[in-house]
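Residue numbers (the numbering used here): 1 to 111.
This report concerns only the one structure given below.
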Amino acid sequence: MSQISYEDFEKVEIRVGKIIQVEEFTKAKKPAYKLWIDFGDLGVKKSSAQITKLYQHEDLLDKLILAVINFPPRQIADFMSEVLVLGVVLDDGDVVLIQPDRAVPLGKRIL
Numbered sequence: 001m002s003q004i005s006y007e008d009f010e011k012v013e014i015r016v017g018k019i020i021q022v023e024e025f026t027k028a029k030k031p032a033y034k035l036w037i038d039f040g041d042l043g044v045k046k047s048s049a050q051i052t053k054l055y056q057h058e059d060l061l062d063k064l065i066l067a068v069i070n071f072p073p074r075q076i077a078d079f080m081s082e083v084l085v086l087g088v089v090l091d092d093g094d095v096v097l098i099q100p101d102r103a104v105p106l107g108k109r110i111l
């Protein structure tokens, strides 16, 4: 594994957001959800997430998550994914979302 400098890490904008809307993403190649995530003063951003195995629609609403918000947007089928929701990838490919363990202000940066 190659090492990066702390300055490299500081370029990655990881922020706290709250999922406010969830839809099935039927046009995605792999099962996924369309997510709308509120980042407070930074606004609402969209993301596609392949988390359907471990999370039901109702489990995701109002859930706090962490996401990288400064990658370029990525077109997935007919949907523009603006942020990368962070999760732990298990051996079977399932993804467990990373989230704060208590309520924190939306949009706060992770360092």
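Cβ coordinates follow ideal geometry from the N, Cα and C atoms, glycine included.
Source: prediction; values computed, not measured.
Contact check, residue i vs residue j, beta carbons under 9 Å
| i | j | result |
| --- | --- | --- |
| residue 97 | residue 85 | yes |
| residue 108 | residue 16 | yes |
| residue 100 | residue 42 | no |
| residue 14 | residue 95 | no |
Enclosing alpha helix (DSSP H) for residue i [first to last residue]
| i | result |
| --- | --- |
| residue 60 | 57-60 |
| residue 101 | Per DSSP, residue 101 belongs to no alpha helix (DSSP H) and is neither H nor E. |
| residue 10 | 6-10 |
Other residues of its chain near residue i: CB distance less than 7 Å, five sequence neighbours each side excluded
| i | result |
| --- | --- |
| residue 113 | Because the chain is modelled from 1 through 111, residue 113 falls outside the range shown and cannot be assessed. |
| residue 76 | 28, 48 |
Sheet register partners of residue i (DSSP bridge)
| i | result |
| --- | --- |
| residue 85 | 67 |
| residue 33 | 24, 49 |
| residue 14 | 68 |
Contacting residues, own chain, Cβ-Cβ under 6 Å from residue i (five flanking each side not counted)
| i | result |
| --- | --- |
| residue 54 | 94 |
Close-in-space but distant-in-sequence residues of the same chain around residue i (CB under 8 Å, 5 per side omitted)
| i | result |
| --- | --- |
| residue 20 | 36, 37, 38, 44, 61, 62 |
| residue 80 | 46, 73, 74 |
| residue 103 | 64 |
Where the beta strand (DSSP E) containing residue i begins and where it ends
| i | result |
| --- | --- |
| residue 91 | Residue 91 -> no beta strand (DSSP E), and no H or E assigned at all. |
| residue 78 | Where residue 78 is concerned, there is no enclosing beta strand (DSSP E), given that its DSSP letter is neither H nor E. |
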